[in-house]
Amino acid sequence: MRIGMLGTGMVGAGLSTKLVQLGHEVKMGSRSGDNPKAAEWAGKAGKNASTGTFAEAAAFGEMVFNCTHGADSMAALKMAGEQNLSGKILVDVANPLDFSTGELKLTVSNTDSLGEQIQRAFPGAKVVKTLNTMGVEVMVNPSMLPGEHVAFMSGDDQGAKDKVAEVLRSFGWKSVIDLGGIKSARGAEALLLLWIHLYGKMPDGRFNYNIVRAKQ
Ligand SMILES: NC(=O)c1ccc[n+]([C@@H]2O[C@H](COP(=O)([O-])OP(=O)(O)OC[C@H]3O[C@@H](n4cnc5c(N)ncnc54)[C@H](OP(=O)(O)O)[C@@H]3O)[C@@H](O)[C@H]2O)c1
178 MRIGMLGTGM
188 VGAGLSTKLV
198 QLGHEVKMGS
208 RSGDNPKAAE
218 WAGKAGKNAS
228 TGTFAEAAAF
238 GEMVFNCTHG
248 ADSMAALKMA
258 GEQNLSGKIL
268 VDVANPLDFS
278 TGELKLTVSN
288 TDSLGEQIQR
298 AFPGAKVVKT
308 LNTMGVEVMV
318 NPSMLPGEHV
328 AFMSGDDQGA
338 KDKVAEVLRS
348 FGWKSVIDLG
358 GIKSARGAEA
368 LLLLWIHLYG
378 KMPDGRFNYN
388 IVRAKQ
């Protein structure tokens, strides 16, 4: 599959590398189109890796990932262009974190979420929020952690969620919990308020949430 990767940070690079390893073609997009981190990634990732602007990456992708800085994701997606996102699955991995006051806040929460804002702004895209509740190393290699642990998923289009679940299974995810419509992204994004504190108590980012159920 052709993937448009919006984001040149550690998440964009980690997901892009994994997707290329799985045989997909990935174009990594940035604001300028000649971002040095994107060029470095493409240089290492091989013939199925390329770079471009956010718009070029979105136009290239049959599926598009939003791995941009959460507070700037709406700006980045506007640069990607509504026409390049329409009709496509838009996998939203971003978290609307705001450290501007020195204390963690979310730029949107409680009665709304970044996932919902994106879906409202790009009604032609099928937004699926997922993978935002764990560090990038775990995201692309869930079997690095022992036992069962979960990825959540939110979105209004069931067919899009089914396709994204297939991609997650190809990463090795065994437990994907479909939380429901894109509104449920409010909960998945709010989990970051807990995740950041957990991160402060752990040796590194290699941990995740598990949900323990009663025996049926
Ligand atoms: N780090 C993790 O393990 C982790 C885990 C789960 C979710 N997340 C979420 O994943 C997303 C990516 O995280 P990251 O650490 O890889 O990268 P990041 O530093 O949060 O974001 C980098 C990307 O944001 C773009 N960007 C920055 N400012 C912008 C602006 N004003 N307008 C438009 N685009 C802008 C950059 O564009 P250029 O390429 O042009 O510089 C770059 O592509 C974030 O939303 C983060 O919360 C991170």
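Going by this note's numbering, the first residue of the sequence shown is number 178, and it counts up by one from there.
Note that beta-carbon positions come from the ideal geometry of N, C-alpha and C, so glycine has one too.
Worksheet item: Straight-line CA distance for Gly200 to Leu322?
Response: The straight-line gap from Cα to Cα measures roughly 24 Å.
Item to complete: Say yes only if the C-beta of Met187 is nearer than 7 Å to one or more non-hydrogen atoms of ligand 1, and no if none qualify.
Response: yes
Practice prompt. Compare the Cα-Cα distances from Asp275 to each of Met311, His246, Thr288, Leu254 and report the closest residue.
Written response: His246
Item to complete: Quick one: residues in its chain with C-beta nearer than 8 Å to the C-beta of Thr310, no 5 flanking neighbours on either side, listed in chain order?
Response: Ala328, Phe329, Ala365, Leu368, Leu369, Trp372, Asn385, Tyr386
Worksheet item: Are the Cβ atoms of Gly332 and Val305 separated by less than 8 Å?
Response: Cβ atoms of Gly332 and Val305: closer than 8 Å.
Worksheet entry | Ala226 CB to nearest heavy atom of ligand 1 below 7 Å | no
Worksheet item: Asp269 and Leu291 look like a contact to me (Cβ under 8 Å); what is the Cβ gap, rounded to whole Å?
Response: 7 Å
Worksheet item: Hey, is His246 close to ligand 1, as in C-beta under 7 Å from one of its heavy atoms?
Response: yes
Item to complete: Just tell me which of Gly312, Gly382, Lys338, Ala298 has its CA closest to the CA of Met240.
Response: Lys338
Item to complete: Specify the secondary structure class of Met178 as computed by DSSP and reduced to three states.
Response: coil
Discussion item. Quick check: the Cα distance between Ala234 and Lys392, rounded to an integer number of angstroms?
Written reply: 45 Å
Item to complete: State the Cα-Cα distance for the pair Ser250 and Gly324, rounded to the nearest angstrom.
Response: 33 Å
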